[in-house]
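> Counted the way the numbering used here counts, the sequence shown spans residues 3 to 80.
The C-beta atom is built at its ideal place from N, Cα and C for all residues, glycine as well.
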Amino acid sequence: MKHGRISGKFYKFVCRNFPYRVTSGGVINCVNNILSGETTENEAIATLQKNDNELRRQKEMMKSNIECRKRIGWKQIN
3 MKHGRISGKF YKFVCRNFPY RVTSGGVINC VNNILSGETT ENEAIATLQK NDNELRRQKE
63 MMKSNIECRK RIGWKQIN
């Protein structure tokens, strides 16, 4: 998105897989490498996919957030 160097594909990947912490070190490094031309977007996506710990953590946070919303919403209705 920045100066036409980051496409919607990479942007969608980051937003979908890192909904709670886009500022993690791996994401920032990949974005900087793309902007400087050191890596391509596909290489950056592959690099981020290798980081299982952060992806797993993001998914767990999303799951607990959904569960919490359901619990709060259920209590407010009853």
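1) For N53, which of helix, strand or coil comes out of DSSP?
2) A46: buried (16+ other C-beta within 10 angstroms of its C-beta) or exposed?
3) Please report the straight-line C-alpha distance between N44 and N35, rounded to a whole angstrom.
4) Take T42 and list the residues in its own chain whose beta-carbon comes closer than 8 Å to its own, dropping the five residues that flank it on each side.
5) Mapping the DSSP letters down to three states, classify E69 as helix, strand or coil.
6) Look at the Cβ atom of Y22, then the Cβ atom of Q60, and state whether they are nearer than 8 Å.
Let's see:
1) N53 falls in the coil class under three-state DSSP.
2) A46 is buried by the Cβ-count criterion.
3) 12 Å
4) I36
5) Note: E69 maps to helix in three-state DSSP.
6) yes
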